[in-house]
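Chemist:
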Amino acid sequence: MAYWLMKSEPSSYSWADLIRDGGTMWDGVRNNAARLHLRAMKAGDEALFYQSMEDRSVVGIMRITGTGEPDGPDGSWVKVPVEPVRPLAKPVTLAAIKAEPKLAKMELIRQSRLSVAPVREEEWKLVLEMGK
DNA sequence: GCCAACGTTGGC
DNA sequence: GCCAACGTTGGC
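With UniProt numbering, you'll find the first sequence wraps up at 132, consecutive numbering, no jumps.
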């Protein structure tokens, strides 16, 4: 079981939208590194939901409910089905993540433009702890 | 095959 | 609104 972080601009699709829908197909990702990660996902993996731009916070936890499917006009991109697990009691801001030395190696920090990134188990646990 | 130009993302 | 980082495109 693997851990991930997936970004969305709340003005485009927010945590509230995900709760309202009860789950969604995470599609529209057009970046090769992100595609490789989407392809590596398996049902049961969990992902942090990060709201970029105006929020800049991790706000909840999602579960991957299936494997990647073809996306885009020629089917060469990848989409995965996700469902919400639970919100964090308090959002973990980007500023808080940057202020924590143990999280300095997170892909979120290292490559800020990557919209789908792996999360190490230690990082996962720490972010959840910070969100209590 | 290199690299400049351009477009997009996303933090500040 | 600005700009850095990164990806892509296209001329040569």
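In this text, a Cβ means the ideal position worked out from N, Cα and C, and glycines have one as well.
Is it buried or exposed, E123, if we count other Cβ atoms within 10 angstroms and call 16 or more buried?
Modeler: With 16 or more other Cβ atoms within 10 Å, it is buried.
Chemist: With a 10 Å radius around its C-beta and 16 neighbouring C-beta atoms as the bar for buried, classify R35 as buried or exposed.
Modeler: It is buried - the Cβ of R35 has at least 16 other Cβ atoms within 10 Å.
Chemist: By DSSP's criteria, L48 is part of a beta bridge. Which residues make up the other side?
Modeler: L5, I61, per the DSSP bridge assignment.
Chemist: Between the beta-carbon of E107 and the beta-carbon of A99, is there less than 7 Å?
Modeler: No.
Chemist: Give the straight-line distance between the Cα atoms of Q111 and A104, rounded to the nearest whole angstrom.
Modeler: Approximately 11 Å, taken between the alpha carbons.
Chemist: How many whole angstroms separate the CB atoms of V119 and W26, which I take to be in contact at a CB cut-off of 8 Å?
Modeler: 16 Å between Cβ atoms; not a contact.
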